[in-house]
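Reading through the structure tokens given below for one structure.
Protein chains in written order, with UniProt numbering: chain A, 1 to 331; chain B, 1 to 331.
Structure below.
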């Protein structure tokens with residue numbers, strides 16, 4: 001098993017990407033292809049590489065403001081496209097990138113194509129609640145979709161919840177603006193009618209409910225999903241900043257405020273993108289992990305370990321089989 | 001100036017509504033019509049009513065599960081419809097209800113009709129950030145809209161920001177999944193093209209940006225707006241619960257955790273719906289304040305005071321004039 005890492009993608013690339021790869025190497029049970037401009041990568045690496053890291057040259061790189069299709073069509077030797085080709089050629093099973101998200105999604109899609117029966121890829125992002133958390137699908141890949149596509153997101157989200165969250169029989173909720181059948185806009189009502197044919201469908205859930213009730217998979221289109229994700233990130237930061245801002249500057253009084261630091265600490269694992277590492281792009285003939293553009297070395301390390309977990313748990317095969325079974329699709 | 005209060009609407013009605021009215025009365029510079037079943041209201045009231053509270057009988061009440069149009073058509077003597085009629089007849093300027101939101105919106109719309117040039121009403125909800133907060137429009141009234149309707153929401157949101165938030169020249173952002181022009185789904189891109197004709201348009205804003213950057217008015221359709229609102233409510237509760245849950249039970253250790261309580265307190269005014277009181281339904285020939293179904297007496301009191309502020313600042317007239325000016329509409 002191998003992972004191809006786009007070493008040139010991300011705000012802090014290649015430095016943070018290389019460091020993250022080195023941090024992950026001891027825990028990786030697979031070969032890691034570090035894909036990028038070898039002349040730029042070598043000075044960042046130790047004289048002797050860990051035995052499971054292999055440098056793989058790519059002369060170009062995708063910039064953050066490159067348009068997704070332009071990146072794919074015009075930069076045929078970009079670290080992103082070369083990493084995707086390693087998967088296409090069977091040399092790697094997964095590709096990890098912290099670069100331009102649109103370009104990474106488009107390049108993975110155009111290089112690998114969708115699994116049979118899947119029309120749109122979707123990003124799966126885990127979010128916390130008091131019941132072990134849930135996964136929201138689609139968190140940003142496909143903003144303009146038809147109701148049918150959300151059924152595919154539901155099936156893919158169930159595979160994620162089974163394989164990466166340990167939920168044996170995940171239920172799916174539709175994110176909506178009311179709980180009862182018949183609530184919502186035209187799109188949500190149409191999705192409800194399609195989802196209710198499946199026994200794993202648990203009905204509508206509201207924005208508040210997903211953070212307070214037990215749930216496994218919450219589906220929505222990427223426009224809504226991305227706004228939920230970013231809104232949550234922004235609000236969590238606002239709350240934590242507001243709390244921290246009240247700790248007095250006077251060192252003597254400040255020392256009495258140690259419990260505040262203590263109670264804030266457990267929020268980090270579920271709200272810090274660097275802990276979460278990255279989110280998989282589901283629905284393709286290959287495993288693609290999309291990382292935050294601002295990824296630190298620690299974020300890259302965690303993304304690589306999470307990708308390994310998805311590989312070892314056969315996430316892609318599980319999705320392929322689930323789509324065949326639930327939608328009656330044959331290859 | 002008078003306000004008509006639907007005394008029978010809400011999970012805690014009529015008790016909490018009546019109590020809220022009594023709490024608000026000393027601060028109200030207007031007559032308050034307490035609309036509902038007089039036989040049920042009288043036992044909750046003191047023998048001598050405050051001089052500015054007037055009981056107004058209505059024999060029926062809308063239930064939380066009544067369908068909005070059924071409530072309007074079949075319950076012609078409901079406290080909600082009677083309160084709306086008081087406004088229609090010029091006896092009151094504003095109507096306040098904590099009952100069935102859909103029924104309250106539909107009844108106000110059908111009784112009062114839209115202001116000239118406004119096609120869909122919209123709910124304006126204030127949200128906090130480090131820069132004095134912003135208002136999101138539409139937070140729940142009109143889920144299926146055309147791009148043109150969001151321009152109306154923008155104009156109405158600006159009137160709200162001017163009159164109730166003290167922003168002299170409010171800017172409008174479009175809630176989107178990327179900051180640059182051209183980002184978003186088909187709908188958002190179409191809205192952008194319409195909004196950019198106005199000099200108060202400040203471009204796209206992401207879910208994270210509205211909680212971290214200075215902004216006045218953020219527009220979106222009601223499906224997205226309601227999910228933003230409920231997601232924020234749910235996440236804020238999750239964070240505060242997670243923090244509180246770590247305070248040790250042992251009373252001696254617990255006593256050392258007083259700073260946690262202290263730092264959490266300032267979050268309340270901006271995150272507690274009871275403090276905010278209610279949200280106005282903008283765009284109608286009358287002022288309608290929609291309160292949370294779970295409204296306590298304090299929430300009702302605050303909603304009444306906020307409604308008075310909107311009346312005194314001529315929110316409805318401001319919207320009427322702004323629509324005429326910005327969209328070139330004449331009566």
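Where a beta carbon is used, it is the ideal one built from N, C-alpha and C, also for glycine.
Asked: Is residue 123/B helix, strand or coil when you go by DSSP?; Found: strand
Asked: For residue 249/B, is the classification buried or exposed, using 16 other Cβ atoms within 10 angstroms of its Cβ as the cut-off for buried?; Found: exposed
Asked: Looking at the unbroken alpha helix (DSSP H) that takes in residue 190/B, where does it start and where does it end?; Found: 186-195
Asked: Mind checking who residue 105/A pairs with in its DSSP beta bridge?; Found: None; residue 105/A has no bridge partner.
Asked: Under a three-way DSSP split, which group does residue 169/B fall into?; Found: coil
Asked: Residue range of the beta strand (DSSP E) that residue 33/A falls in?; Found: 31-36
Asked: Got a sec: is the Cβ-Cβ distance from residue 230/B to anything in chain A below 8 Å?; Found: yes
Asked: Using the Cβ count rule (16 or more neighbours within 10 Å means buried), how would you classify residue 107/B?; Found: buried
Asked: Which chain A residues are close to residue 223/B, counting only those with a beta carbon under 9 Å from its beta carbon?; Found: 176, 177, 184, 185, 187, 188 and 224
Asked: Count the C-beta pairs between the segment 266-273 of chain B and the segment 248-263 of chain A that are closer than 8 Å, then say yes if the count reaches three, no if not.; Found: no
Asked: Mapping the DSSP letters down to three states, classify residue 84/A as helix, strand or coil.; Found: helix
Asked: Quick check: is the beta carbon of residue 242/B nearer than 8 Å to any beta carbon in chain A?; Found: yes
Asked: For the alpha helix (DSSP H) that residue 322/B lies in, which residues bound it at each end?; Found: 315-327
Asked: May I ask which residues mark the beginning and end of the beta strand (DSSP E) holding residue 136/B?; Found: 134-137
Asked: I'd like the span of the alpha helix (DSSP H) that includes residue 6/B, first residue to last.; Found: Element bounds for residue 6/B: not the alpha helix (DSSP H) but the beta strand (DSSP E), 2-6.
Asked: Quick one: what's got a C-beta closer than 6 Å to residue 201/B's C-beta in the same chain, skipping five residues either side?; Found: 172 and 195
Asked: With 16 other CB atoms within 10 Å as the buried threshold, where does residue 186/A fall?; Found: exposed
Asked: Count the CB pairs spanning the segment 110-127 of chain A and the segment 314-325 of chain A that are closer than 8 Å, and state whether there are at least three.; Found: yes
Asked: If distances are taken between C-alpha atoms only, which option among 306/B, 208/B and 226/B comes closest to residue 130/B?; Found: 208/B
Asked: Closest to residue 109/B by CA distance: which of 216/B, 18/B, 184/B and 80/B is it?; Found: 80/B
Asked: From residue 284/A to residue 112/A, what does the alpha carbon distance come to, in whole angstroms?; Found: 6 Å
Asked: Given this structure, state the Cα-to-Cα distance separating residue 127/B from residue 235/A, to the nearest angstrom.; Found: 10 Å
Asked: Does any CB atom of chain A fall closer than 8 Å to the CB of residue 260/B?; Found: yes
Asked: Are residue 122/A and residue 97/A closer than 8 Å when you measure CB to CB?; Found: no
Asked: In angstroms, rounded to a whole number, what distance separates the CA positions of residue 243/B and residue 263/A?; Found: 5 Å
Asked: In chain order, what residues of the same chain lie with their CB nearer than 8 Å to the CB of residue 69/A, ignoring the 5 residues before and after it?; Found: 106
Asked: Do residue 30/B and residue 377/B come within 8 Å of each other at the CB atom, strictly closer than that value?; Found: Any answer about residue 377/B is impossible in this case: the structure gives chain B only from 1 up to 331.
Asked: In the DSSP assignment, find the beta strand (DSSP E) that holds residue 205/B and state where it starts and stops.; Found: 201-205
Asked: For residue 239/A, decide whether its Cβ has a neighbour in chain B, counting only Cβ atoms nearer than 8 Å.; Found: yes
Asked: Measure from the alpha carbon of residue 99/A to the alpha carbon of each residue in 78/A, 85/A, 114/A and 89/A, then state which is nearest.; Found: 78/A
Asked: Determine the chain A residues that contact residue 131/B at a beta-carbon separation under 7 Å, and present them in chain order.; Found: Going along chain A, no residue has its Cβ under 7 Å from residue 131/B, so there is no contact; the nearest lies around 11 Å.
Asked: Inspect the beta-carbon positions of residue 18/B and residue 49/B and report whether they are closer than 8 Å.; Found: no
Asked: Taking the beta carbon of residue 169/A as the centre, do at least 16 other beta carbons fall within 10 Å, making it buried, or is it exposed?; Found: exposed
Asked: Do the segment 138-157 of chain B and the segment 218-235 of chain B touch if we need at least three Cβ pairs shorter than 8 Å?; Found: yes
Asked: Any beta carbon from chain A within less than 8 Å of residue 227/B's own beta carbon?; Found: yes
Asked: Can you say whether residue 22/A is buried or exposed, counting buried as having 16 or more other CB atoms within 10 angstroms of its CB?; Found: buried
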